[in-house]
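Trainee: Residue numbers (numbering that gives the first Met the number 0), protein chains in the order written: chain A, 0 to 309; chain B, 0 to 280; chain C, 0 to 358. The C-beta atom is built at its ideal place from N, Cα and C for all residues, glycine as well. First the structure, then my questions, so here it is.
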Amino acid sequence: MTSSSSRYLPLRALGELSETRYWMYLLLLPSLVMILLVIAYPTLYGMAISFRDMRLTRPGLDGWVGFKHYAGMWSDPVFWIALKNTVVWVTAAIVLELALGLLAATALNRDLPGTKIFAVLILLPYFLPNVVAGHMWALLLDPRLGVINDLLVRVGVLETYKAWFADPNTALAATVLVEAWHGFPFFALLLLAGLKSIPEDLYRAAAVDGAGVSAQLRLITLPMLKTVIAAAVILRVIGLVNSPDLLLILTGGGPGDATQVLSLYAFQTAYKEFNFGYASALSVVMFVILMIFAAAYIRLSRITKGEGDD
Amino acid sequence: MIESKRRRRTVANIATYFVLAGLSMFCIGPMIWMLLTSLKYEADIVTQTMQYIPRRVTFDNYVAIWTQSGFPRLIGNSITVTFLTVTICVATGTLAAYAFSRFAFRGRTQLMLGYLVVRMFPAVMMIIPLYVVMRGVGLVDSRFGLALAYTSFLLPLFVWMLKGFFDSAPRELESAARIDGSTRLGAMVRIVMPLARNGLVASSVFIAIAAWNEFLFALMLTTGQGSRTWPVGLQLMVGEFQLPWGVLAAGGILSILPVVVLFAIVQRTMVQGLTAGAIKG
Amino acid sequence: MATLSIKDVRKSYGSVQVLHGVDIELEDGGFLVLLGPSGCGKSTLLNMIAGLDDTSGGDILIGGRSVVDLAPKDRNIAMVFQSYALYPTMSVERNIGFGLEMRGVDADQRKRAVDDAARLLQISHLLDRRPANLSGGQRQRVAMGRAIVRDPELFLFDEPLSNLDAKLRVEMRTEIKRLHERLGTSIVYVTHDQIEAMTLGTKVAVMKGGHIQQLADPRTIYERPANIFVASFIGSPAMNFLPGRLASSPSGVRFAANGVSVAMPAGKRQVDFDRPVILGVRPEELKAVARDEASVTGVIDVVEPTGPETMVTVQVGEQSIIARLPPRFAGRRKEPIFLAVDPASVNLFDPDSEQRIDI
Ligand SMILES: Nc1ncnc2c1ncn2[C@@H]1O[C@H](COP(=O)(O)OP(=O)(O)OP(=O)(O)O)[C@@H](O)[C@H]1O
Ligand SMILES: [Mg+2]
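Below, the structure written as structure tokens:
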């Protein structure tokens with residue numbers, strides 16, 4: 000090998016470089032450059048934009064306006080509706096996903112023969128693209144030929160087909176259902192790993208001490224899962240608040256503003272109206288709210304090192 | 000006593016299977032329905048009485064989506080963008096993940112945390128400045144530009160995930176190789192990489208799926224046929240041409256096919272990486 | 000084969016100093032054991048000799064050549080790791096030959112060297128296997144094979160036996176000793192097992208908290224420990240410590256405490272009389288005797304026959320000591336017992352500095 004690497008002198012030089020103390024910085028350099036280029040600079044620039052007027056449709060309008068956008072938000076009714084919807088929508092989705100995830104994880108954790116395949120099937124929605132998920136559910140819930148309407152009419156829950164996404168009373172709930180379908184596998188995955196990490200002996204000891212099923216759940220399972228649940232919830236909240244994709248596809252915020260959330264509002268302000276200044280201000284506010292929430296939440300649930308990816 | 004205990008266990012087992020079957024149905028039922036829809040004639044989709052099992056099967060919808068729209072072009076663009084994203088992440092992220100896993104240096108924890116905080120940035124907050132910046136350098140409506148944009152949220156994810164896999168390759172192996180005559184670089188390439196290969200593949204597939212699926216950035220950053228990816232294309236087709244349900248379903252099935260296949264291949268390692276990343280620490 | 004000199008070597012992680020100026024000289028062909036409790040810096044020192052960790056100060060010379068600026072691959076050393084660190088993707092043969100492969104030795108020569116090493120370690124029949132398919136003892140042998148095949152100037156061992164079960168550990172210990180005597184290469188060996196240290200080392204460095212407590216041959220370490228830490232760390236059961244005073248008497252200097260009166264050997268040096276000291280006595284230096292020969296008087300607390308000997312815990316004043324007595328010792332709990340001590344075998348320590356007092 001020495002002979003081959005001596006033939007490739009640059010490689011050999013790189014090899015020797017790897018024995019110096021600069022090596023780790025060289026390893027970090029490429030990704031740091033990338034991060035600075037595509038994250039740090041745009042982020043700072045985005046913050047700056049939120050203090051400027053920038054409308055691509057009106058090139059003349061460009062200049063510093065201070066806190067104008069932030070002040071404008073205060074008197075913007077849509078902002079407040081979107082804020083309220085965000086809270087309701089995220090809370091509902093999290094509760095539903097946590098419940099479904101806990102159910103799935105508990106069932107999978109029993110490790111009955113043949114249940115491995117269920118784990119794969121249950122995880123699948125998580126990897127489906129929003130665009131497909133959105134249209135798929137639009138098809139399922141279609142007011143004229145949706146199979147769910149048909150099923151509900153057949154079993155007598157509904158009298159006639161319902162336009163779920165067009166009715167302001169059901170639109171938000173329907174999108175929560177779709178979001179939960181898409182997101183609960185993530186909870187199932189993490190909770191299952193959490194359950195697996197609880198030593199079997201703890202349950203045996205509790206059973207010997209006379210603890211019933213519900214006592215075991217209350218005294219062992221939930222406390223041991225607390226960190227995992229906390230980490231999963233925070234990651235998912237971040238994901239939900241930040242990504243308006245499904246709503247954009249399913250309802251576009253309508254009917255009226257019934258399903259308008261902050262991220263969607265910000266995106267549409269940028270995408271449809273090209274009002275970059277206001278859109279940036281909206282997303283900065285959203286980010287700040289999210290940070291405050293995350294900090295408070297982490298402090299409350301006392302996870303100091305909840306980390307990872309979703 | 001024993002009898003009742005056994006009975007209770009049997010009941011619990013049946014309930015477990017019931018729950019799992021129900022949840023699985025909830026998860027893949029919609030996909031099955033979409034598959035069935037894609038195989039139906041339009042007349043059988045828009046009927047008075049719902050057809051649960053298609054009476055006739057046709058592949059016309061697939062032919063239609065493939066030939067009558069720019070779909071192959073969209074798929075091609077998506078492949079290019081995904082490939083570029085994965086290449087950038089693997090090339091830069093692997094080195095960083097390795098450094099994070101192996102070296103202690105000042106600011107390491109802060110840097111790792113920084114990589115995490117990036118996840119909190121709203122997509123919109125990134126999209127707007129990226130759009131403005133990229134328009135300035137002519138990268139709007141470019142596949143490379145889109146791949147760069149994806150790097151902004153996928154690279155940190157990739158680094159975190161891969162670091163977990165590197166962490167589980169014993170350090171002593173590298174020490175042994177260095178004493179045996181390798182340089183650090185040689186030990187990394189010859190010893191650590193082969194061990195972390197599955198993890199590298201799983202992490203790459205994970206970001207490949209994410210890049211393949213991505214919608215919001217693509218919607219904003221692509222404007223023409225030249226770089227538009229399939230999620231945007233499909234969405235615009237729905238809006239513009241009143242795409243028939245069957246054709247839309249066929250497009251959906253085609254575009255999730257690679258995701259499902261890739262996921263099936265590496266799901267084990269990927270699940271391991273995802274949970275380790277999220278729970279550890 | 001080479002000498003090893005460690006000169007004032009220091010190591011800090013950030014503001015935490017884990018090695019404080021270590022000095023060690025090892026003769027050519029010597030066997031140096033680094034012994035100490037967990038976290039005392041043994042592995043750190045070994046890794047610095049290997050070049051896997053940077054030094055924060057001082058110098059390391061192998062065969063008279065300073066190596067601190069050399070990469071591990073250029074130090075001509077071989078190392079056996081606690082986890083064996085066999086490359087899981089390679090066969091045993093390739094594992095053993097990897098070091099030669101890296102150094103560009105051609106295949107034939109490599110094969111011959113690997114075969115020789117394998118024969119020496121009796122693992123010739125395992126050469127085609129993967130490490131995953133070996134037992135712990137076999138892995139250990141492969142790891143040693145990988146080290147000896149290179150014929151380095153210096154072997155480094157980091158707790159190589161700690162993952163083996165008790166029986167195998169004794170076996171491999173003997174094997175390592177045999178290898179050392181046969182190859183004659185200098186060895187640095189890290190362990191926290193005092194038996195390994197005593198049986199293998201020609202020189203033992205007892206470490207604690209990043210300081211060398213004593214550097215000497217095993218016999219000296221055992222018989223004349225430099226301080227209370229070394230005295231208590233080596234030997235099982237541990238040395239007995241009895242606080243008392245040195246007093247002069249007509250028959251010479253005596254150590255006196257409640258229930259104890261030991262005549263001190265005639266010393267070369269003058270010591271202060273009537274000062275507090277701590278007497279250290281190994282359990283096997285105590286003998287059960289008649290009352291009038293006794294220098295220690297106490298009451299039996301616990302009697303534990305182990306087969307070849309009997310451990311007796313004795314209450315002496317407020318202190319509790321252990322005596323290692325013959326197997327047929329017949330005393331019972333609560334009975335008085337009389338013990339004699341060979342004055343030449345005792346150690347005295349200063350209660351404040353805990354250092355040895357030579358008399
Ligand atoms: N990378 C590091 N950063 C900070 N402190 C370290 C690091 N590595 C080791 N230490 C500290 O240095 C001290 C010595 O560690 P070392 O591994 O040498 O101990 P050891 O004697 O080999 O112990 P053991 O018998 O448990 O292997 C320990 O207190 C340890 O906490
Ligand atoms: Mg150690």
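Could you tell me the alpha carbon to alpha carbon distance between A:GLY305 and A:ALA229, rounded to whole angstroms?
Mentor: Here A:GLY305 scores only 41 on pLDDT, less than 50, and its place in the model should not be relied on; the value that follows carries that caveat. Cα-Cα distance, rounded: 8 Å.
Trainee: Could you please give the first and the last residue of the uninterrupted beta strand (DSSP E) stretch that includes C:ASN239?
Mentor: Here the beta strand (DSSP E) through C:ASN239 covers 239-248.
Trainee: Relative to the C-alpha of B:VAL191, which residue among B:SER23, B:SER254, B:GLU213, B:THR93 is closest?
Mentor: Ranking B:SER23, B:SER254, B:GLU213, B:THR93 by Cα distance to B:VAL191 puts B:THR93 first.
Trainee: Quick check: what's the CA-CA separation for C:ILE5 versus C:GLN318?
Mentor: If I take the Cα positions, the gap works out to 41 Å.
Trainee: Identify the residues that DSSP records as bridge partners of C:ILE277: which are they?
Mentor: DSSP, once it has assigned bridges, lists C:PRO242, C:PHE348 as partnering C:ILE277.
Trainee: Any heavy atom of ligand 2 closer than 7 Å to the CB of C:ASP52?
Mentor: C:ASP52: no, Cβ never under 7 Å from ligand 2.
Trainee: Taking A:GLU18 as the query, report the chain C residues whose CB atoms sit under 7 Å from its CB, ordered along the chain.
Mentor: Correct list: ALA70.
Trainee: Decide yes or no for the touch test of the stretch 58-76 of chain B against the stretch 227-244 of chain B: beta carbon pairs closer than 8 Å, at least 3 of them.
Mentor: Contact between the stretch 58-76 of chain B and the stretch 227-244 of chain B is present, because at least three Cβ pairs lie under 8 Å.
Trainee: Between C:PRO350 and the rest of its own chain, which residues show a CB-CB distance below 8 Å, the 5 nearest in sequence each way excluded?
Mentor: Here the set comprises PRO242, PRO275, VAL276, ILE277.
Trainee: Indicate, with yes or no, if ligand 1 has a heavy atom lying under 7 Å from the CB of C:HIS19.
Mentor: No; taking the cut-off as 7 Å, the Cβ of C:HIS19 has no heavy atom of ligand 1 nearer than that.
Trainee: Measure the alpha-carbon distance for A:LEU123 versus C:VAL187 and round it to whole angstroms.
Mentor: Cα-Cα distance, rounded: 55 Å.
Trainee: Taking Cβ-Cβ distances below 9 Å as the criterion, which residues of the stretch 176-202 of chain B are in contact with chain A?
Mentor: So the list reads ARG177, GLY180, SER181, THR182, ARG183, LEU184, GLY185, ALA186, MET187, ARG189, given in the order they occur along the chain.
Trainee: Given B:GLY223, which residues of its chain have a CB within under 8 Å of its CB, disregarding the five upstream and five downstream residues?
Mentor: The residues are ASP140.
Trainee: Would B:GLN67 pass as an interface residue toward chain A - the criterion being a Cβ-Cβ separation below 8 Å?
Mentor: Judged by the 8 Å Cβ criterion, B:GLN67 is not in contact with chain A.
Trainee: I'd like to know if A:ALA295 contacts chain C, where contact means its C-beta is closer than 8 Å to some C-beta of that chain.
Mentor: Not closer than 8 Å to any Cβ of chain C, the Cβ of A:ALA295 fails to qualify, so no.
Trainee: Cβ-heavy atom distance between A:HIS181 and ligand 1 below 7 Å?
Mentor: A:HIS181: no, Cβ never under 7 Å from ligand 1.
Trainee: So, under 8 Å CB-CB, C:SER185 and C:GLY20 are touching, yes? Tell me the CB distance rounded to an integer number of Å.
Mentor: Between C:GLY20 and C:SER185 the Cβ distance is about 22 Å, and since that is not below 8 Å, they are no contact.
Trainee: Compare the C-alpha of A:LEU261 against each of A:GLY133, A:ARG109, A:VAL86 and name the closest.
Mentor: Cα-wise, what sits closest to A:LEU261 is A:VAL86.
Trainee: For B:VAL265, which residues of its own chain have a beta-carbon under 7 Å away from its beta-carbon, when the five flanking residues on both sides are left out?
Mentor: Result list for B:VAL265: VAL200, ALA201, VAL204, in chain order.
Trainee: Rounded to whole angstroms, how far is the Cβ of A:TYR292 from the Cβ of B:MET119, which I believe are closer than 8 Å?
Mentor: The amino acid at residue 292 of chain A is misidentified as Tyr; the sequence shows Phe. Not a contact, Cβ separation roughly 10 Å.
Trainee: Can you pull out the residues from the stretch 186-208 of chain C whose beta carbon lies closer than 8 Å to at least one beta carbon of chain B?
Mentor: Cβ contacts with chain B come from no residue of the stretch 186-208 of chain C.
Trainee: With B:SER174 and C:LEU51 assumed to form a contact (beta carbons below 8 Å), what rounded beta-carbon distance in angstroms separates them?
Mentor: Right, their Cβ atoms sit about 5 Å apart.
Trainee: Please say whether A:LEU26 and A:ALA104 have beta carbons closer to each other than 8 Å?
Mentor: No. Outside cutoff.
Trainee: Using a Cβ-Cβ cut-off of 6 Å (strictly less than) and excluding sequence neighbours within five positions of A:ALA280, which residues of its own chain qualify?
Mentor: Excluding positions up to five away in sequence, the list reads SER49, HIS68, TYR69.
Trainee: Can you give the Cα-Cα distance for A:ILE302 and A:ALA295, rounded to whole angstroms?
Mentor: Summary for A:ILE302: the model assigns pLDDT 49, below 50, so the residue's position carries little reliability, and this model does not support an answer.
Trainee: Taking 7 Å as the cut-off, does the CB of C:LYS41 come closer than this to any heavy atom belonging to ligand 2?
Mentor: It does: the Cβ of C:LYS41 is within 7 Å (strictly closer) of some heavy atom of ligand 2.
Trainee: Give me, in chain order, the residues of the same chain whose beta-carbon lies closer than 6 Å to that of B:ASN60; leave out the 5 immediate sequence neighbours on both sides.
Mentor: Answer for B:ASN60: SER37, GLY245, VAL246, ALA249, listed in chain order.
Trainee: Would you kindly report the start and end of the unbroken beta strand (DSSP E) that includes C:LYS72?
Mentor: Premise fails: C:LYS72 is in no beta strand (DSSP E) and is neither H nor E.
Trainee: Run through the DSSP bridge pairs and tell me what A:TRP63 is partnered with.
Mentor: The partner list for A:TRP63 (beta bridge, DSSP) reads A:ARG51.
Trainee: Which of the three DSSP states, helix, strand or coil, is assigned to C:VAL359?
Mentor: For chain C, the structure presents residues 0 to 358; residue 359 of chain C sits outside this window and is missing.
Trainee: Enumerated in chain order, which unbroken segments of the beta strand (DSSP E) with a length of 3 residues or greater are wholly contained in the stretch 307-347 of chain C?
Mentor: Fully enclosed beta strand (DSSP E) runs of 3 or longer: 309-315, 318-324, 335-340.
Trainee: For C:GLN193, tell me which candidate among C:GLY251, C:PRO236, C:ARG140 has the shortest Cα-Cα distance.
Mentor: Minimum Cα distance to C:GLN193 is reached at C:PRO236.
Trainee: Terminal residues of the continuous alpha helix (DSSP H) containing A:GLY238?
Mentor: Segment 221-241, the alpha helix (DSSP H) holding A:GLY238.
Trainee: So, using beta-carbon positions, are C:VAL79 and C:GLY96 closer together than 8 Å?
Mentor: In this structure, C:GLY96 does not lie closer than 8 Å to C:VAL79 by Cβ.
Trainee: In terms of residue numbering, what span does the alpha helix (DSSP H) encompassing B:PHE240 cover?
Mentor: Looking at the DSSP string, the run of the alpha helix (DSSP H) that includes B:PHE240 is 229-240.
Trainee: Less than 8 Å separating the beta-carbons of A:GLU272 and A:GLY182?
Mentor: Contact flag unset, no.
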